[in-house]
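Undergrad: Below is the structure I would like to discuss, written out as structure tokens.
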Amino acid sequence: MSQPQVRDDAPLPAERNAVAQVMAMLYRDKFALVAAFVLLVIVLCALVGPELVGDIAAKQNLRGRNAPPFSFSQGWSFILGADALGRPILPRIIVAARNTMLIAGASVAFAMFVGASLGLIAGYTSKITSQIIMRLADVIMSFPSLLLAVIVLYMLESSIFNLVLVLAITRIPIYLRTTRAEVLEIRERMFVQAARVMGASDKRIVLRHILPVVLPTLVTIATLDFAYIMLAESSLSFLGIGIQPPEVTWGLMVAQGRPYLANAWWLALFPGLAIVITTMSLTLLSGWMRTALDPVQRWRLEAGSKANG
Amino acid sequence: MMSFIGNRSLASAVSLIGLIILVFFLSRMTGDPTSLYLPLDASLESRENFRRLHGLNDPLLVQFGRYVLDLLRFDFGDSVRKARPALDVVLAAFPWTLMLAAIAMLLVTVSAIVIGSLAAFKVGGFFDRLSSILSLIGASAPDFWIAIVAIFFFSVSLGWLPTSGTGTVWHWILPISVLFIRPFGLILQVVRGSMIAALSSAYVKTARAKGVKDRAIIFVHALRNAMLPVITVIGDQAAGMLNGAVVVETIFGFPGVGKLMIDSILQRDFSVVLASIMITATAIFVMNLLIDLAYAALDPRIRM
Chain L
0 MSQPQVRDDA
10 PLPAERNAVA
20 QVMAMLYRDK
30 FALVAAFVLL
40 VIVLCALVGP
50 ELVGDIAAKQ
60 NLRGRNAPPF
70 SFSQGWSFIL
80 GADALGRPIL
90 PRIIVAARNT
100 MLIAGASVAF
110 AMFVGASLGL
120 IAGYTSKITS
130 QIIMRLADVI
140 MSFPSLLLAV
150 IVLYMLESSI
160 FNLVLVLAIT
170 RIPIYLRTTR
180 AEVLEIRERM
190 FVQAARVMGA
200 SDKRIVLRHI
210 LPVVLPTLVT
220 IATLDFAYIM
230 LAESSLSFLG
240 IGIQPPEVTW
250 GLMVAQGRPY
260 LANAWWLALF
270 PGLAIVITTM
280 SLTLLSGWMR
290 TALDPVQRWR
300 LEAGSKANG
Chain E
0 MMSFIGNRSL
10 ASAVSLIGLI
20 ILVFFLSRMT
30 GDPTSLYLPL
40 DASLESRENF
50 RRLHGLNDPL
60 LVQFGRYVLD
70 LLRFDFGDSV
80 RKARPALDVV
90 LAAFPWTLML
100 AAIAMLLVTV
110 SAIVIGSLAA
120 FKVGGFFDRL
130 SSILSLIGAS
140 APDFWIAIVA
150 IFFFSVSLGW
160 LPTSGTGTVW
170 HWILPISVLF
180 IRPFGLILQV
190 VRGSMIAALS
200 SAYVKTARAK
210 GVKDRAIIFV
220 HALRNAMLPV
230 ITVIGDQAAG
240 MLNGAVVVET
250 IFGFPGVGKL
260 MIDSILQRDF
270 SVVLASIMIT
280 ATAIFVMNLL
290 IDLAYAALDP
300 RIRM
């Protein structure tokens, strides 16, 4: 991120400098710092967790069925207790992080790509194309996402791919509308007009001049949306129409723990807590991003004083 | 105003028609339709029988025409599991969901408006902090998990409230509370935001200069103008309530449409799934129309 008020003759800040600047801004907002750290840990779990603790997580131990949490008698992996088959909860949460992150991440990426592309088209081209695209978005939006998921997952089988597809489709309008609204405003700005006068092609204007301005907003929304999609996927898996065993996500773990609520509350509590911690971190980080990526608001994080958005 | 309402209802109608077409083609073109309607272990003979009886061997276009005609007559076929018309099954469950959602939505609207207004009146004050914490919780905690934790605390540990079912007033408290949380956090933020904008406007300054009391400024002068974006969000959330209702009803054993939908999916009772989807979609269509009318009634600029 370069500073907004760089003088013409001043050298552009170096790349390393930009990273350091973002780090400094993150450091100023302690909530966001913690959130970023938590997310980093979760992403690491998702990346290497199944390889590291996959065997421990899958190993059944009938003597340790529903073992209570916070006891070290069976080693660190049983710190959060064990499930109905004696599989330790903590490694299972770590392993399930991959599917949970993968589905949410893929859905967000897909929705953002399609939504932003359509939004750029709708904002930059003729009125008729724009109208058609916007009406399509209205149609998707006027419909509860769960209903759509229910129909599609009933008729097609509920694989990870279908789940991602359904979740992504319901989120496309969010990106589409945001992108279009921004494009409509940006295309009238001086630098776009200048590019047009210089003879830049439409493709170049959209991709090189407009998209970079829209992107920060989209990333901020995507962070928040990641949390939303995670919740949606968890709900579907919890209801039994999302991810099917032996695959595992946090939502499914909560569902599997539900019958044992009366005598082993830890089965359902901890995976749910993992969801809450992740979504809360995403929400906090998204709030920080909104400030950090907005040149008008950024001073709150750059100034030395205490900042709280 | 007529063109506004017309446009909006057209969009909803198109989505309803889109849904009908989507369901038809998904159900006819992805594999054997008899495996959708009949139990998985149905014999070849009963499948062939079903095919003949429902004309599944006819050309696709003929089938589509028959399907649309059936829908227009609200004929969704019989429930395989309950041996009753699917429509009856759904209509018996529908009032429960409607009641649950209506009570929850009413409570959400009233409390979000009151707390949101108070938060906006003193930014950074007690109510403002309270509202940001409540919103964060509402946006982050999965409702099924809150429901389970609530059951554990209030039903299993303390024994104050029943775990599931219906019957007494006590049975309604947990489902409504869980349904309350998510839309409350969202609407609260919108109320707060639009209230802050309204409170900094010129007519509020005028009222204040005249010596109008704080409470009157918030709830008489500013609120009406701050309500427009709030109504939109309330509309969106009311439709989204259904998402929550599915989860809540399943967990609390509430005999509403949401539970019916999930049960009939797990039991592979396609007629009931179809009927409940169509009836809910129609209900949402009607509700969107009502929201638009309310919007037009509040905003004179649309009425013109």
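Chains L and E, in that order, are what the protein sequence lines are.
Residue numbers for the first sequence, in numbering that gives the first Met the number 0: 0 to 308.
Residue numbers for the second sequence, in numbering that gives the first Met the number 0: 0 to 303.
Just so you know, even glycine gets a beta-carbon here, dropped at the ideal spot from N, CA and C.
Please read these numbers as outputs of a predicted model, since none were measured by experiment.
So is L:S137 in contact with chain E if we call contact Cβ pairs under 9 angstroms?
TA: With the sequence shown as reference, residue 137 of chain L is identified as Asp, and Ser is not the correct amino acid for it. Output row for L:D137: interface = yes.
Undergrad: Going by DSSP, what residue range makes up the alpha helix (DSSP H) through L:Y259?
TA: Looking at the DSSP string, L:Y259 is not in any alpha helix (DSSP H), and its letter there is neither H nor E.
Undergrad: Distance, Cα to Cα, E:I16 vs E:M277?
TA: If I take the Cα positions, the gap works out to 10 angstroms.
Undergrad: DSSP three-state call for E:D87: helix, strand or coil?
TA: Looking at E:D87 - three-state DSSP - the assignment turns out to be helix.
Undergrad: Please tell me whether L:V107 and L:I228 are closer than 9 angstroms, where the distance is taken between their beta carbons.
TA: In contact: L:V107 and L:I228 (Cβ atoms closer than 9 angstroms).
Undergrad: State yes or no: is the C-beta of E:F253 within less than 9 angstroms of the C-beta of E:W144?
TA: No; because the gap between Cβ atoms is not below 9 angstroms, this pair is not in contact.
Undergrad: Do you know how far the Cα of L:A105 is from the Cα of L:P12?
TA: Below a pLDDT of 50, predicted positions are generally treated as unreliable, and L:P12, at 49, falls in that range; the measurement from the model is reported next regardless. Near 33 angstroms, if we compare the C-alpha coordinates of L:A105 and L:P12.
Undergrad: Closer than 7 angstroms by beta-carbon distance: list the chain L residues that pair up with E:T249, in chain order.
TA: Near E:T249 (Cβ distances below 7 angstroms), the residues of chain L are L238.
Undergrad: What runs of the alpha helix (DSSP H), each 4 residues or longer, lie entirely inside the region 161 to 210 of chain E?
TA: Runs of the alpha helix (DSSP H) inside the region 161 to 210 of chain E: 169 to 198 and 201 to 209.
Undergrad: Please decide whether E:N242 counts as near chain L, where near means a Cβ-Cβ distance under 9 angstroms.
TA: Yes, contact with chain L.
Undergrad: Please name the residue in E:L187, E:R72 and E:N56 whose C-alpha comes closest to that of E:S110.
TA: Checking every option, the nearest Cα to that of E:S110 belongs to E:L187.
Undergrad: Could you please give me the residues that DSSP links to L:P87 through a beta bridge?
TA: L:P87 pairs with L:A81.
Undergrad: Tell me whether E:A82 is buried or exposed, calling it buried when 16 or more other Cβ atoms sit within 10 Å of its Cβ.
TA: Exposed is the call here.
Undergrad: Might you give, ordered along the chain, the residues of its own chain that have their beta carbon closer than 7 angstroms to the beta carbon of E:F153, omitting 5 neighbours on each side?
TA: Only W159, L160 and L173 meet the Cβ criterion.
Undergrad: Reducing DSSP to helix, strand and coil, say where E:D235 ends up.
TA: Correct three-state label for E:D235: helix.
Undergrad: Between which two residues does the alpha helix (DSSP H) holding E:P58 run?
TA: No alpha helix (DSSP H) holds E:P58; DSSP gives it neither H nor E.
Undergrad: Between L:M154 and chain E, is the shortest Cβ-Cβ distance under 9 angstroms, so that the two count as touching?
TA: So yes, L:M154 belongs to the interface.
Undergrad: Quick one: residues in its chain with C-beta nearer than 6 angstroms to the C-beta of L:R257, no 5 flanking neighbours on either side, listed in chain order?
TA: Answer for L:R257: A267, listed in chain order.
Undergrad: How should E:V271 be labelled, buried or exposed, when 16 other C-beta atoms within 10 angstroms of its C-beta is the threshold for buried?
TA: Burial call: buried.
Undergrad: Here's the rule I'm using: 16 or more other beta-carbon atoms within 10 Å means buried, otherwise exposed. How should E:D40 be labelled?
TA: By the neighbour-count rule (16 or more Cβ atoms within 10 Å), E:D40 is not buried but exposed.
Undergrad: Note down the Cα distance separating L:G250 from L:N98, rounded to an integer number of angstroms.
TA: Spanning the two alpha carbons is a distance of roughly 11 angstroms.
Undergrad: Where do the ends of the alpha helix (DSSP H) carrying L:F237 lie?
TA: Segment L210 to L238, the alpha helix (DSSP H) holding L:F237.
Undergrad: Nearest-angstrom Cα distance between L:S313 and L:I171?
TA: Nothing can be reported for residue 313 of chain L, as the shown portion of chain L is limited to 0 through 308.
Undergrad: When the Cβ atoms of the region 78 to 97 of chain L are set against those of the region 236 to 253 of chain L, are three or more pairs found closer than 8 angstroms?
TA: Contact between the region 78 to 97 of chain L and the region 236 to 253 of chain L is present, because at least three Cβ pairs lie under 8 angstroms.
Undergrad: Would you mind telling me which residues of chain L sit closer than 7 angstroms to E:M260, beta carbon to beta carbon, in chain order?
TA: What E:M260 touches in chain L: V149.
Undergrad: Beta-carbon of L:D104 versus every beta-carbon of chain E: anything under 9 angstroms?
TA: Residue identity check: residue 104 of chain L is Gly in the sequence provided, not Asp. So no, L:G104 is outside the interface.
Undergrad: Assign E:N287 to one of two classes, buried (16 or more other C-beta atoms within 10 Å of its C-beta) or exposed (fewer than that).
TA: Buried is the call here.
Undergrad: Using DSSP's beta-bridge definition, name the partner residues of E:D77.
TA: According to DSSP, which records beta bridges pairwise, E:D77 is partnered with E:P84.
Undergrad: At a CB-CB cut-off below 7 angstroms, which residues of chain E make contact with L:R257?
TA: The answer, in chain order, is I147.
Undergrad: Taking the alpha-carbon of E:D127 as reference, which of E:A140, E:G166 and E:V113 has the nearest alpha-carbon?
TA: Per the Cα distances, E:V113.
Undergrad: Assess contact between the region 135 to 144 of chain E and the region 192 to 212 of chain E, defined as three or more Cβ pairs (one per stretch) separated by less than 8 angstroms. Is contact present?
TA: As far as the Cβ criterion goes, the region 135 to 144 of chain E does not touch the region 192 to 212 of chain E, which means the pair count is below three.
Undergrad: In chain order, what residues of the same chain have a beta carbon less than 7 angstroms from the beta carbon of E:A208, not counting five sequence neighbours either side?
TA: Within the same chain, E:A208 has no close Cβ partners at all.
Undergrad: Taking 8 angstroms as the cut-off, is the beta-carbon of L:I173 closer than that to any non-hydrogen atom of the ligand PLP?
TA: The ligand PLP is absent from the structure shown, which contains no ligands of any kind.
Undergrad: Give me the Cβ distance between L:T282 and L:L223, rounded to the nearest whole Å; I'm assuming they're in contact under 8 angstroms.
TA: Correct: roughly 6 angstroms between the Cβ atoms.
Undergrad: State buried or exposed for L:Q255, treating a residue as buried only when at least 16 other CB atoms are found within 10 Å of its CB.
TA: Classification of L:Q255: buried, given that the 10 Å Cβ count is 16 or more.
Undergrad: Over the uninterrupted alpha helix (DSSP H) stretch that includes L:W265, give me the two end residues.
TA: First-last of the alpha helix (DSSP H) with L:W265: W265 to A291.
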